[in-house]
Amino acid sequence: METYIIIFLCIASFVAGFIDAIVGGGGLIQTPAALILLPNVPVASIIGTLKIPGFSGTSIAAYQYLKKVKIDWKLFVVMAIISFSFSFLGSSLLNVMKNDFMKPILFVILILLLIYTYYKKDFGHFHISILTKNQLYLYASLIVAVLGFYDGFIGPGTGSLLIMAFIAVLGFDFLQANANAKLVNLATNFGSITLFVLKGKIIWAVAIPMAICNIIGAWLGAKLAISQGNGFIRVFFLLVVGLALIRFGYDVFFK
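If you want my numbering, it's the position in the sequence shown, counting the first as 1, plus 34.
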């Protein structure tokens, strides 16, 4: 593989790791870059390869958040098992069918999310505990099942969607939602990686250098997000959702 392709992919992976650590959505950067720079590589191999830098960078970001945010580990174990299982299922289906039919649905969801977040100024600024324990576990399980499947089947924007769902449904603030989203993302990525490794779909010569750059970007992004707090993350969240809208709008209307 040409050296310049690896260099451009590494730059995209660094930026993706930085953005993903702050508010998710790193796949919106590195997935299009990989699809453009590797036009002759099967989509399943590209998605599988990108799971390695995604998992690596998310691991570093999660470690940074865990030093500042208290986690309900029992809840996480439940979410991890469910998200792993549904991510594995989504990746299995990706190998046998196309995922284009989901993009218009996601496009509408992102428009509603952008409008809601923009006009609700206190969205994600406070942790509001309004659910019983049983409700918390039920709603969290449903969220990670749906988005775990989505991550395995499509991928880009999963972190942002997890953050939004954790805030809107579970009442988390941005920092807590971000920390939990990173942990769940590790489980979904691991589910996909397991499937893609078994299928031999990962291009390690691309995945390893991208993973190194993603780790560096994630470390810097997590440090910045933690130091700046919820207000900064909300603004960045709006920017990333806007970017996601452009990406999926192009897929829906011009492809």
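We put the CB at the ideal spot given by N, CA and C, even for glycine.
Query                                                                                                                                           : Result
To which residues of the same chain is Ile164 closer than 6 Å at the C-beta, ignoring the five residues directly before and after it?           : Gly205
For Gly51 versus Gly251, is the C-beta distance shorter than 7 Å?                                                                               : yes
Would you mind reading off the limits of the alpha helix (DSSP H) that contains Gly265?                                                         : Asn264 to Phe288
Nearest-angstrom Cα distance between Gly158 and Met113?                                                                                         : Residue placement at Gly158 is flagged as unreliable, the pLDDT there being 48, under the threshold of 50; a coordinate-derived value is accordingly withheld.
Measure the CB-CB distance between Ala213 and Tyr99 and report whether it falls below 7 Å.                                                      : yes
Taking the straight line between their C-alpha atoms, what separation do you get for Leu43 and Val103?                                          : 32 Å
Determine the burial state of Thr166: buried for a count of at least 16 other Cβ atoms within 10 Å of its Cβ, exposed for fewer.                : exposed
Between which residues of its own chain and Tyr171 is the CB-CB distance below 8 Å, once the five residues before and five after are set aside? : Leu109 and Val112
Classify Tyr38: buried if its beta carbon has 16 or more other beta carbons within 10 angstroms, exposed otherwise.                             : exposed
In terms of residue numbering, what span does the alpha helix (DSSP H) encompassing Leu84 cover?                                                : Val77 to Leu100
In three-state terms, what does DSSP make of Lys235?                                                                                            : coil
Within this structure, are the beta carbons of Phe141 and Gly255 separated by less than 7 Å?                                                    : no
Near Ile115, which residues of its chain fall below 7 Å by C-beta distance, leaving aside the five closest residues on each side in sequence?   : none
What does a CB cutoff of less than 6 Å around Leu217 pick up in its chain, not counting 5 residues either side in sequence?                     : Ala96 and Phe110
If you draw a straight line from the alpha carbon of Ile81 to that of Ala55, how long is it in whole angstroms?                                 : 19 Å
Within a Cβ cutoff of 6 Å, which residues of the same chain sit near Phe271, ignoring the five residues on either side of it in sequence?       : Val57
Return helix, strand or coil for Val103, following the three-state DSSP convention.                                                             : coil
Is there contact here, the stretch 86-95 with the stretch 234-254, by at least three beta-carbon pairs under 8 Å?                               : yes
Give the DSSP-derived three-state secondary structure of Pro73 in the structure shown.                                                          : coil
Taking only three categories from DSSP, how would you classify Phe141?                                                                          : helix
Please state whether DSSP places Ile164 in a helix, a strand or coil.                                                                           : coil
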